[in-house]
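Colleague:
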Amino acid sequence: MRTPIIEALSSQAAVDDIQVCGWVRTRRDAKAFSFLELNDGSCLRGIQVVVDAGTPGSEGLAEMTTGASVAVRGRLVPSQGKEQAWEVQAAEVQLLGAADETYPLQKKGHSLEFLREIAHLRPRSNLFGAVFRVRSRMAYAVHNFFQERGFMNVHTPMITASDCEGAGEMFRVTTLAPGAAKLDEDFFGKPAFLTVSGQLEAETLACALGKVYTFGPTFRAENSNTSRHAAEFWMIEPEQAFCDLAGNMDLAEAQLQHQVRDALKHCAEDLAFFAKYVDKGLLERLQFVAERPFQRVSYTEAVRLLEASGPAFEYPVAYGLNLQSEHERWLTEQHFQCPVIVYNYPKDIKPFYMRQNEDGLTVAAMDVLVPGIGEIIGGSQREERPDRLLAAMAQHGLSEAEYWWYADLRKYGTVPHAGYGMGFERLLMFITGVGNIRDVIPFARTPGHADF
RNA sequence: UCCGGUGUAGCUCAGCGGCAGAGCGGGUGGCUGUUAACCAUUAGGUCGUAGGUUCGAUCCCUACCGCCGGAGCCA
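The first sequence maps to residues 4 to 455 in this note's numbering.
1. Round the Cβ separation of Gln-202 and Gly-426 to the nearest angstrom and send it over; I've been treating them as touching at under 8 Å.
2. Out of Pro-389, Glu-405, Met-396 and Gln-398, state which residue places its alpha-carbon closest to the alpha-carbon of Lys-414.
3. Which residues in the same chain have their Cβ closer than 8 Å to the Cβ of Lys-110, if we skip the five residues on either side of it in sequence?
4. To which residues of the same chain is Ile-444 closer than 6 Å at the C-beta, ignoring the five residues directly before and after it?
5. Within the region 421 to 449, note down every full alpha helix (DSSP H) run reaching 4 residues or more, in order along the chain.
6. Return the residue from the list Ala-16, Pro-7 and Lys-34 that minimises the CA-CA distance to Cys-24.
7. Using a 10 Å radius around the Cβ and a threshold of 16 neighbouring Cβ atoms, would you call Glu-206 buried or exposed?
8. Where does Tyr-409 land, buried or exposed, given buried means 16+ other C-beta within 10 angstroms?
9. Return the chain-ordered ranges of every beta strand (DSSP E) run that is complete within the region 263 to 304 and spans a minimum of 3 residues.
10. Quick check: what's the CA-CA separation for Ala-71 versus Ala-11?
11. Could you name the residues of the same chain whose beta carbon sits closer than 6 Å to that of Trp-237, not counting the 5 residues immediately before and after it, in chain order?
12. Alpha carbon to alpha carbon, how far is Lys-281 from Leu-115?
13. In whole angstroms, what separates the C-alpha of Asn-325 from that of Asp-370?
14. Determine which residues share a DSSP beta bridge with Val-157 and list them.
15. Closer than 7 Å by C-beta to Leu-47: which residues in its own chain qualify, once you throw out the five before and the five after it? Chain order, please.
16. Using CA coordinates, which residue listed in Thr-365, Leu-372 and Glu-378 is at the minimum distance from Ala-395?
17. If you drop the 5 nearest sequence neighbours on each side, which residues of the same chain put their C-beta closer than 6 Å to that of Ile-380?
18. Nearest CA to the CA of Asn-228: which residue from Phe-455, Arg-448, Glu-317 and Arg-5?
19. Spatial neighbours of Met-141 within its chain, please: CB distance less than 7 Å, with the 5 preceding and 5 following residues excluded, ordered by chain position.
20. Between which two residues does the alpha helix (DSSP H) harbouring Lys-414 extend?
21. Where do the ends of the beta strand (DSSP E) carrying Arg-78 lie?
22. Pairs of beta-carbons, one from the region 135 to 151 and one from the region 178 to 197, closer than 8 Å: are there three or more?
23. Given a cut-off of 9 Å on the beta-carbon distance, is the pair Leu-309 and Val-320 in contact?
24. How is the alpha helix (DSSP H) around Ile-239 delimited, first residue to last?
25. Tell me which residue opens and which closes the beta strand (DSSP E) that Leu-99 is part of.
26. Leaving out the 5 sequence neighbours to the left and right, which residues in its chain are closer than 7 Å to Asn-360 when beta-carbon positions are compared?
27. Figure out for me which residue from Ser-13, Ile-9, Gln-15 and Gly-451 has the closest Cα to the Cα of Glu-235.
28. Mapping DSSP to helix, strand and coil, what is Met-396?
29. What are the partner residues of His-452, as DSSP defines its beta bridges?
30. Can you tell me whether Leu-318 is helix, strand or coil according to DSSP?
31. Would you please state the rounded distance, in angstroms, between the beta carbons of Arg-299 and Ile-344? I believe it to be under 8 Å.
32. Is Pro-7 helix, strand or coil when you go by DSSP?
33. Measure the C-alpha to C-alpha separation of Ile-21 and Leu-79 and round it to an integer number of angstroms.
34. Below 9 Å between beta carbons: does that hold for Lys-214 and Met-252?
35. For the candidate residues Lys-268, Asp-362, Gly-57 and His-338, whose alpha-carbon lies nearest to that of Ala-35?
36. As an exercise, report each continuous beta strand (DSSP E) stretch of at least 3 residues that is fully enclosed by the region 32 to 72, in chain order.
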């Protein structure tokens, strides 16, 4: 029975008979024996295996080079070396699969750009092993957070016929041949797309189950070429009935803090690696976010602060204009130096479904901004008043016929409700310090790139 | 899509209008309870692609392509 290396390394006592399997990171030969360092992905560190000359299977040692896969049986014993507490004294080694001299991962560091070209092998590197372990833990923590608070996980459709929501360009889903004329003969009888958000559908479930959340892939066909955008990404979208904007902000803050605390507690070794090689200030920042309340500032106040601030911005600051990246970064990195929630945006720069405030000018929207990333969460209280919603839809040029089911929620037992969307990859960038979204998802889809 | 940068060995990079370089990695030999081991030795190149200027271009110019950073859009 194979013992994961993470368990072998944390053993409390020697073990007479243990089997470990993994990929060779490095081999160091002496005259009478060899050291093999094996990593199996269960944790950042590898385990040192001592193979004496003449050990059964050691005739394959020459092929146990970096990248080769190996199975070892032997004794787990205290190491004589300084760098590790335990090592395996091999009784039998077996070469499972060799890796010849073309194996691209070296013992030395590689650039992230090069590793992207070998996305099928980069999980075997220290950095990407750590990223994907943290990704797994953070997905688990998402479900933990919501399930413990009585939220139901709902599955909203990947394929949708409702376009828009103001969330950007969509990918078309079709079985028609290119250039086909008869669009009504398409699979769904009308144009269909990959979803850009499960929000509208999640609202219907919130207005029945009370508290729900989605966690799944989302698609945007925007020609965005930045380190923060991908064409396929994962989004977490909670939605609560009987909830207003303040409750929504409370939830967003609590969830973000939960994710950070969970990572600090359960991914300490991997985070320490990021702090050493990727982002020196990572642990301090995460600690700070875990402990301190977020700043909350209205859009109007934010504009006032930006106007009164010293630095000259490239883009103008004025009421009614969107906050630019540089403005968001100034608020969260320079002025408040912590996560900031900006709320109550002008209605003209926000989508139709957001609830109008009594001032007639703003809607109950909120964005959570974090240092280094900018916007990580966007949400709002939804417009629950039927007349207001229909008016907003008309203003945005949306057809009532298309969104009849969405309007029905307001027609039958409407309730105040609110929710938000959190970009999972942006969360991972924040938690790992990794600066490019292409490096926190195993196989990134960006304009012109759908390899692997 | 726009702005800026960049492209030289498997990787990371230096270089120069006149014979193509280093470190790492690979091969080989040696040494050592080693720790991204160490020492010696060796192989490895269409200098992104196509044009142009020049006696001569990896170097200068133009276009295209790739990649990186920033911006817009957003999560």
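Every residue, glycine too, gets a C-beta built ideally from N, C-alpha and C.
Modeller: Taking the geometry as given:
1. Here residue 202 refers to the residue found at position 199 of the first sequence. Here residue 426 refers to the residue found at position 423 of the first sequence. So it is not a contact: roughly 13 Å between Cβ atoms.
2. For the purposes of this step, residue 414 is taken as residue 411 along the first sequence, with counting starting at 1. When each option's Cα is compared against that of Lys-414, the closest is Pro-389.
3. The residue given as residue 110 occupies position 107 in the first sequence. Same-chain partners within the cutoff: Arg-28, Thr-29 and Thr-69.
4. Along the first sequence, read from residue 1 onward, the residue named residue 444 stands at position 441. Hits under 6 Å: Glu-428.
5. 427 to 435
6. As a first step, residue 24 is located in the first sequence; it is residue number 21 there, counting from the start. Among Ala-16, Pro-7 and Lys-34, the Cα nearest to that of Cys-24 belongs to Pro-7.
7. To locate residue 206, count along the first sequence from 1; it is residue 203. Counting Cβ neighbours within 10 Å, Glu-206 comes out buried, since at least 16 surround it.
8. For the purposes of this step, residue 409 is taken as residue 406 along the first sequence, with counting starting at 1. Buried, since its Cβ has 16 or more Cβ neighbours within 10 Å.
9. 298 to 301
10. Working through the first sequence from its first residue, we reach residue 71 at position 68. Working through the first sequence from its first residue, we reach residue 11 at position 8. So the alpha carbons of these two residues sit roughly 20 Å apart.
11. Against the first sequence, residue 237 aligns to sequence position 234. Pro-220 and Phe-427.
12. Taking the first sequence and counting its residues from 1, the one referred to as residue 281 is at position 278. Taking the first sequence and counting its residues from 1, the one referred to as residue 115 is at position 112. The sequence given here places Val at residue 281; Lys does not occur at that position. In a straight line, the C-alpha of Val-281 is about 11 Å away from that of Leu-115.
13. As a first step, residue 325 must be located in the first sequence, where it is residue number 322. As a first step, residue 370 must be located in the first sequence, where it is residue number 367. Their backbone Cα atoms lie some 12 Å apart in a straight line.
14. Residue mapping note: residue 157 aligns to position 154 of the first sequence, counting from 1. Its beta-bridge partners do not exist; DSSP assigns none.
15. Here the question's residue 47 lines up with position 44 in the first sequence. Excluding positions up to five away in sequence, the list reads Asn-129, Gly-132, Ala-133, Glu-272, Asp-273 and Phe-276.
16. Here residue 395 corresponds to residue number 392 of the first sequence, with the count starting at 1. The option with the nearest alpha carbon to Ala-395 is Thr-365.
17. Residue numbering aside, residue 380 sits at position 377 when the first sequence is read from its first letter. Once the five neighbours on either side are set aside, the close Cβ partners of Ile-380 are Ala-255, Val-371, Tyr-423 and Met-425.
18. As a working note, residue 228 is residue 225 in the first sequence. Of the candidates Phe-455, Arg-448, Glu-317 and Arg-5, the one whose C-alpha sits nearest the C-alpha of Asn-228 is Arg-448.
19. Taking the first residue of the first sequence as position 1, residue 141 is located at position 138. Hits under 7 Å: Gln-262, Ala-266, Leu-430, Leu-431 and Ile-434.
20. Locating residue 414 in the first sequence gives position 411, counting from the first residue. Unbroken alpha helix (DSSP H) run through Lys-414: 407 to 414.
21. Numbered from 1 along the first sequence, position 75 holds the residue referred to as residue 78. Looking at the DSSP string, the run of the beta strand (DSSP E) that includes Arg-78 is 72 to 81.
22. no
23. Numbered from 1 along the first sequence, position 306 holds the residue referred to as residue 309. Numbered from 1 along the first sequence, position 317 holds the residue referred to as residue 320. For Leu-309 and Val-320, yes; Cβs fall inside 9 Å.
24. Along the first sequence, one-based indexing puts residue 239 at 236. Per DSSP, Ile-239 belongs to no alpha helix (DSSP H); it is in the beta strand (DSSP E), 235 to 244.
25. In the first sequence, residue 99 corresponds to position 96, counting from 1. Unbroken beta strand (DSSP E) run through Leu-99: 89 to 100.
26. Numbered from 1 along the first sequence, position 357 holds the residue referred to as residue 360. Cβ neighbours of Asn-360 beyond the five flanking positions: Asn-347, Val-366 and Ala-367.
27. Working through the first sequence from its first residue, we reach residue 235 at position 232. Nearest option by C-alpha distance: Gly-451.
28. For the purposes of this step, residue 396 is taken as the residue at position 393 of the first sequence. Helix.
29. Looking up residue 452 in the first sequence gives position 449. Note: His-452 sits in a beta bridge opposite Thr-449.
30. Here the question's residue 318 lines up with position 315 in the first sequence. The identity of residue 318 in the sequence shown is Tyr, whereas the question assumes Leu. In the structure shown, Tyr-318 sits in coil (DSSP, three-state: anything other than H, G, I, E or B).
31. In the first sequence, counting from the first residue as 1, residue 299 sits at position 296. In the first sequence, counting from the first residue as 1, residue 344 sits at position 341. Sure, about 5 Å apart at Cβ, within 8 Å.
32. Reading the first sequence from its first residue, position 4 is the one you call residue 7. The answer is coil: DSSP assigns Pro-7 none of H, G, I, E or B.
33. As a working note, residue 21 is residue 18 in the first sequence. As a working note, residue 79 is residue 76 in the first sequence. Cα to Cα, Ile-21 sits roughly 7 Å from Leu-79.
34. Translated into the one-based positions of the first sequence, residue 214 becomes position 211. Translated into the one-based positions of the first sequence, residue 252 becomes position 249. No; because the gap between Cβ atoms is not below 9 Å, this pair is not in contact.
35. Within the first sequence, residue 35 is the residue found at index 32, counting from 1. Of the candidates Lys-268, Asp-362, Gly-57 and His-338, the one whose C-alpha sits nearest the C-alpha of Ala-35 is Gly-57.
36. 36 to 42 and 50 to 55
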